[in-house]
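Peer 1: Protein chains in written order, with my numbering: chain A, 105 to 689; chain B, 32 to 324; chain C, 57 to 432.
All residues carry an ideal CB built from backbone N, CA and C; glycine is no exception.
This structure is a prediction, so every number in the text was calculated from the model and none was measured.
This is the structure, below, for whatever I ask next.
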């Protein structure tokens, strides 16, 4: 694509003379800073104002170690570690809170860092800064060498990010960007991944600061001032969110616009207005607009090429049911046991002593009028909220923890409003469910997995598991892009995603909402086709007629309590149910 | 130590007003933090001082003009930028609005520079030569006015938010944006009003703070940081949060500066903030009505 | 025919010389139009422009006009080296470093590399001192020189002092500079205390200096004037009768307005302009004529000195080659100064690039609307 070409172009421009070399090195520093915030800000929507400080950590580490005779080179990894550790601490403190807490926390870090630089003048040189030799292991780094090095680093990082994007985990992270609950439901610990994103950003920012330090041979507190932290927020905006190459374009635009603005009197005013206009009119970033314009032109020039839909391959083996895969002893435990679950919110009892047991291969419907507690029950089962009391067991084992913990234990779910990833195809969305089988759980596991995916180029092929599930539930058109499909397809895709990892229990939240008759039948059909696999299915809805037809048992909730549980015919005949639903006898 | 009491109250008053201004916008837009609020303060403070120095207008006129500058800037920001931004970025989270309001910060900063010049201007204190003394605490009429004005504004805001229909609507929007979008037009009106009041409060802050040290176009950042931190320390969900946050931040800053120096103060504020966020994220005051996770 | 040819040949020979004669000598200036240093950096530009105009009116340098080319770095030290390189690329053979101190420090390495003489206008000593400084000269009185004046004037009274500054890097740098200079001169520095940029109250820092350090005198410095003015006013309001010594910030009329007349009376400050210095009065007159609405910053005499020093260097070297001009400047001594007492001269040497007369700035007090030498 245009990215690598643009990088080469900047390199060529930079090699012209010393002035352009230094300009392009500065551009690369900004681009690296842009990449640093790209990951947390664009991919996980976290705004941090500490990036100038992290760059400062990188720059000063290099200078201080050089001044102390240890060698400037070691400052680079040291800076990355220190910056990453700082980001980790701040992220831990603010991880469960809304985004602005992170912004405040990182703002204070930036201020404290600035103060530290001035205060500890013995270490940092104070306001006069630190001069150091621009060499590593005795070899002097010329500006040209730094230019090429900068380009290489950018190329490496962008490629690594692209690798990650293509990997299964990367697609899961993409899903996390549009829907955290969906990512949790495929087993991704979103809290930890968001923290990892911040750490990654801090490390890259530190690298940028080291590059800046080497290019100047002098670090000053003002080189990493707070306004820089605000300035770099605009790089992904200018460059576009679609691809990391946008950061290079964005920083080029930033530098260019700043240069132009400078030649006018009220330059900064124009700059502010220009940025405001960008934010208002190009929410996806300028590069994205350019790109869509270019593809629009492309489409007009080239005739439509019809691609043959690949027919789904025939499968020989039947798919094993999860129950069959377990040891015989374990097979005895029911997929889901709920005992005495209660939940109160500030005076209101949402759930009262709810108990039921789901059998293998059973489809249970949970119904109740509005306010009966269905949503709360879903939340408590999936881990979004903690119950006040009671016990939940999955396959005989206690079920607890966050939503992603429970997903990893074997509980899959679908959402009332499908939470899918628009940038991926239908097949890719379904395949995301497989993450549940391989999602890393521990910090080490995550770090290793991310590192692996950064450095390996994945082959994207729709795997057999996805194909077989799709076939089974009647989902076709796997190559189509999510977002251009019908609502019914979306619902089916979510079901596919939930099933592809062979969970023990499937929980469906209002699966029929918004569907037309034909599509409702598709969904019912899909669930029916899955019966032989003997997992437990819970369908929560308020359409009691539909559920009566498809479910083996109905559980009726009213004002938080179970008022009936049994085969649909019996339950519907009960007077309490009649009263709750129809108001009278 | 007694000598620090009035400075703490004065600084707390100004910070609390800032935090309140932020809070109104924050709640009215369902979570957008307007980084440009510090600049409304500058427009108000520099504007009134500028008019007073250039044209020798009487104090009430100058004060009204200053407040108007700030209110106009806030309203303009809302209708031209923040309103469209909050509609555009409904699902995209903080990304767009943060950038938009930072851009606004620069726009207003440079506007102040163009209108009022770049040199700092100092306003005339109200009742400049009047001083009081109780025991060994000495304070000026202007300082007393700052404290009284802040208390008054905070009280009025509290009443407005808790007991009037528009105020309650505003709180509802703050708690659940999607639901209130269904309520349509009334929300727009409440938001416009909230911005107007936020601008007025910022203008009052500027007019009050201007005579203290002098204001320059670039001075907005300090007000921004103070208000920002105070709001989240105290709790963004209750009007009281602004006041409490202002007092706590001012007290810590001034007391630590006095006894341990200004560097320790910066470290202390950072540590305090991280502790509060980590262990009591709803702020020092009552909880925000937001579901966890 | 031969005459024509000879004429043409002569013209051909002369033309380049003529072209050379008309070709301007470019003097670059790095300044700040919109950032934190723009308050005073603009005046660097304005005064440099006036000085260049004056020189051109009197025939230029070696018959060639001087052209002032400017680059704005917004007081961003990450960008300053680029700007200076651009100036040099555009043909500047001398550069006035007229932006903030951090910018000047970053720009230094560029002029070293390009071997172009530069003139720093900041208070910090570091700009024109070794190591790695062969091309930067200073024509204003720096911190150490001012400290010597303080000490010389107040030797009997000054044994211990505390320093007040603001929390900006420039302020911090100045304070450290002063601390070192004072300590070297035998004065004990009890403490360096700072007030946040943008603060609206100075009580905490004043009480700290008064009660914890019991400072017998305070040196007031910093980047922006507001914090310094707030400090001085708070000291006055609190009735603390401590002698306050200000650096050159107090010569700014804007500062005096921030301070108010009462607080000005308590202040001792560094004043560069002596009423009997003809050269100084001349440029002040020119400035007020061209910019009637702008206040006169008496420190700007150093910019005039810088421009004239550049002129003298080029004339002495008879070339615009950077090394030659630098060598020439290092041998210039005795050039009349645009500030200081009438006898003040600008004197540079290879060992000492601080060219300003050490006694150029005197300790003054504000009486009857003007600066008068302080009572000893």
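1. Please report the straight-line C-alpha distance between residue 155 (chain B) and residue 352 (chain A), rounded to a whole angstrom.
2. Taking Cβ-Cβ distances shorter than 8 angstroms, what residues in chain C pair up with residue 239 (chain A)?
3. Give every residue of the same chain whose Cβ lies closer than 8 angstroms to the Cβ of residue 526 (chain A), excluding the five residues on either side of it in the sequence, and list them in chain order.
4. Measure from the alpha carbon of residue 106 (chain A) to the alpha carbon of each residue in A:238, A:348, A:540 and A:594, then state which is nearest.
5. Identify each residue in the segment 246-259 of chain B for which the Cβ-Cβ distance to at least one residue of chain A is less than 8 angstroms, and report them in chain order.
6. Note down, one range per segment and in chain order, each alpha helix (DSSP H) of at least 4 residues found wholly within the segment 160-199 of chain A.
7. Buried or exposed: residue 187 (chain B), going by 16 or more other Cβ atoms within 10 Å of its Cβ?
8. Any heavy atom of the ligand ADP closer than 7 angstroms to the beta-carbon of residue 101 (chain C)?
9. Determine the burial state of residue 672 (chain A): buried for a count of at least 16 other Cβ atoms within 10 Å of its Cβ, exposed for fewer.
10. Go ahead and pull the three-state DSSP assignment for residue 162 (chain B).
11. Using the beta-carbon of each residue, which ones in chain C are nearer than 7 angstroms to residue 97 (chain B)?
12. May I have the straight-line CA-CA distance separating residue 418 (chain A) from residue 572 (chain A), to the nearest angstrom?
13. Measuring only between beta-carbons, confirm whether residue 128 (chain C) sits less than 8 angstroms from chain B.
14. Counting only C-beta atoms, is residue 186 (chain C) closer than 8 angstroms to chain A at any point?
15. I want to see whether chain C comes within less than 8 angstroms of residue 35 (chain B), judged by CB atoms only; does it?
16. How big is the Cα-Cα spacing for residue 176 (chain A) and residue 172 (chain C)?
17. Say whether chain C places a C-beta atom closer than 8 angstroms to the C-beta of residue 200 (chain B).
18. Quick check: what's the CA-CA separation for residue 271 (chain C) versus residue 318 (chain C)?
19. Could you tell me which chain A residues have their CB closer than 9 angstroms to the CB of residue 162 (chain C), listed as they occur along the chain?
20. Could you name the residues of the same chain whose beta carbon sits closer than 7 angstroms to that of residue 157 (chain A), not counting the 5 residues immediately before and after it, in chain order?
21. Thinking C-alpha only, which one of B:263, B:286 and B:285 is nearest residue 275 (chain B)?
22. In chain C, what lies closer than 8 angstroms to residue 38 (chain B) by C-beta?
23. Could you give the first and the last residue of the continuous beta strand (DSSP E) run that contains residue 457 (chain A)?
24. From residue 306 (chain C) to residue 325 (chain C), what does the alpha carbon distance come to, in whole angstroms?
25. Name the one or two DSSP bridge partners that residue 234 (chain C) has.
26. Between residue 243 (chain B) and chain C, is there a C-beta pair that is closer than 8 angstroms?
27. What residues from the segment 210-236 of chain C come within 9 angstroms of chain A, judged by C-beta to C-beta, listed N to C?
28. Is there a Cβ from chain B that is less than 8 angstroms from the Cβ of residue 249 (chain C)?
29. Measuring only the C-alpha atoms, how far is residue 96 (chain B) from residue 363 (chain A)?
30. Would you decide whether residue 79 (chain C) is buried or exposed? Buried here means 16 or more other CB atoms lie within 10 Å of its CB.
31. Is there a Cβ from chain A that is less than 8 angstroms from the Cβ of residue 105 (chain B)?
32. Nearest chain B C-beta to residue 223 (chain A) closer than 8 angstroms, yes or no?
33. Assign residue 409 (chain A) to one of three DSSP states: helix, strand, or coil.
34. Quick one: is residue 121 (chain A) buried, meaning 16 or more other Cβ sit within 10 Å of its Cβ, or exposed?
35. Straight-line CA distance for residue 206 (chain C) to residue 414 (chain C)?
36. For the segment 305-322 of chain C, enumerate the residues whose C-beta is nearer than 8 angstroms to any C-beta of chain B, in chain order.
Peer 2: Taking the structure as given:
1. 50 angstroms
2. Chain C residues near residue 239 (chain A): none, gap ~15 angstroms exceeds 8 angstroms.
3. 282, 585, 586 and 587
4. By alpha-carbon distance to residue 106 (chain A), the top candidate from A:238, A:348, A:540 and A:594 is A:348.
5. 252, 256 and 259
6. 179-198
7. Flag for residue 187 (chain B) reads exposed.
8. In the structure shown, the ligand ADP is absent, as is every other ligand, since no ligand is present at all.
9. buried
10. Shown here, residue 162 (chain B) sits in a strand according to DSSP, grouped into three states.
11. Under the 7 angstroms cutoff, chain C gives no residues; its nearest Cβ is about 16 angstroms from residue 97 (chain B).
12. With a pLDDT of 41 at residue 418 (chain A), under the threshold of 50, the predicted position of this residue should be treated as unreliable, and no value is reported.
13. no
14. no
15. yes
16. 29 angstroms
17. No, no contact with chain C.
18. 22 angstroms
19. 233, 320, 322, 324, 326 and 327
20. Result list for residue 157 (chain A): 213, 214, 217 and 328, in chain order.
21. Ranking B:263, B:286 and B:285 by Cα distance to residue 275 (chain B) puts B:263 first.
22. Those are 257, 259 and 260, listed as they occur along chain C.
23. 452-462
24. Separation of residue 306 (chain C) and residue 325 (chain C) (C-alpha to C-alpha, rounded to the nearest whole angstrom) is 6 angstroms.
25. According to DSSP, which records beta bridges pairwise, residue 234 (chain C) is partnered with nothing at all.
26. yes
27. 223, 224, 225, 226, 227, 228, 229, 230, 231, 232 and 233
28. It does: the Cβ of residue 249 (chain C) has a partner Cβ on chain B nearer than 8 angstroms.
29. Going from the Cα of residue 96 (chain B) to the Cα of residue 363 (chain A) covers about 36 angstroms.
30. exposed
31. False, the Cβ-Cβ gap to chain A never drops below 8 angstroms.
32. yes
33. Only weak support exists for where residue 409 (chain A) lies, its pLDDT of 47 falling under 50; the value from the coordinates is given anyway. Of the three classes helix, strand and coil, the one that applies to residue 409 (chain A) here is coil, per DSSP.
34. exposed
35. 11 angstroms
36. 310, 313 and 314
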